[in-house]
Amino acid sequence: DTYYAVSKDGDNEEANGGIRIHKTKNLLDANSWVKVLDLDELDIDLSGHSDVKRLDNGLLEGPELFELNIKDRSNADVPEYGIIADQYSIDGGYLPIVTTDLEDIDNSKGSWKLLGENEYSFDKLKKRHGTIMRITKDELDRLKDKF
């Protein structure tokens, strides 16, 4: 009964803005959105990426929020979400972050994790400003047949 979104918020009161997660229960009410957290407020281990110093507007843009497929989760019984954002300032392509709790606002539950470079692949080409979209197996088969 809650909708979540992620966006680059360059106009907030913070020095560098933030990659903000916000939520609402009513998509039709523009004033109903409330901040959950900014990624740079989380205590996430950044050591898996030598070029990543902070998770803010100085590094990231174009964030995308999505739910992982059951087979891609760490635990199939626990919903898991991903955020990808373009590391535009270092020409790094997408940076993936995962969580099992979008409202763990300070990562005190340890639910947020920046994936290390050996934990994911976006294929050979650098990915930027795309989207992740769920499709059925039938849709995938039709796409493969056509293209």
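Residue numbering for the sequence shown follows the numbering used here, starting at -11 and increasing by one per position. Backbone N, C-alpha and C define an ideal beta-carbon position, used for all residues, glycine too. Please read all numbers here as calculations on a predicted model, not as lab measurements.
Query - Counterpart residues of A73 in DSSP-defined beta bridges - result: L83
Requested in this report: Mark R8 as exposed unless 16 or more other C-beta atoms lie within 10 angstroms of its C-beta, in which case mark it buried.
Outcome: buried
Query raised in the report: Alpha carbon to alpha carbon, what distance is there between G36 and G104?
Result: 4 Å
Query raised in the report: So is E127 buried or exposed if we call it buried at 16+ other beta carbons inside 10 Å?
Result: So E127 ends up on the exposed side.
Query - Reference G81; option with closest CA among E68, E52, I32 - result: Answer by Cα proximity: E52.
Requested in this report: Using DSSP bridges, identify the partner residues of I7.
Outcome: As computed with DSSP, I7 is found in a beta bridge with K(-4).
Query - Which listed residue (L83, S62, V66, L47) has its alpha carbon closest to that of F110 - result: L83
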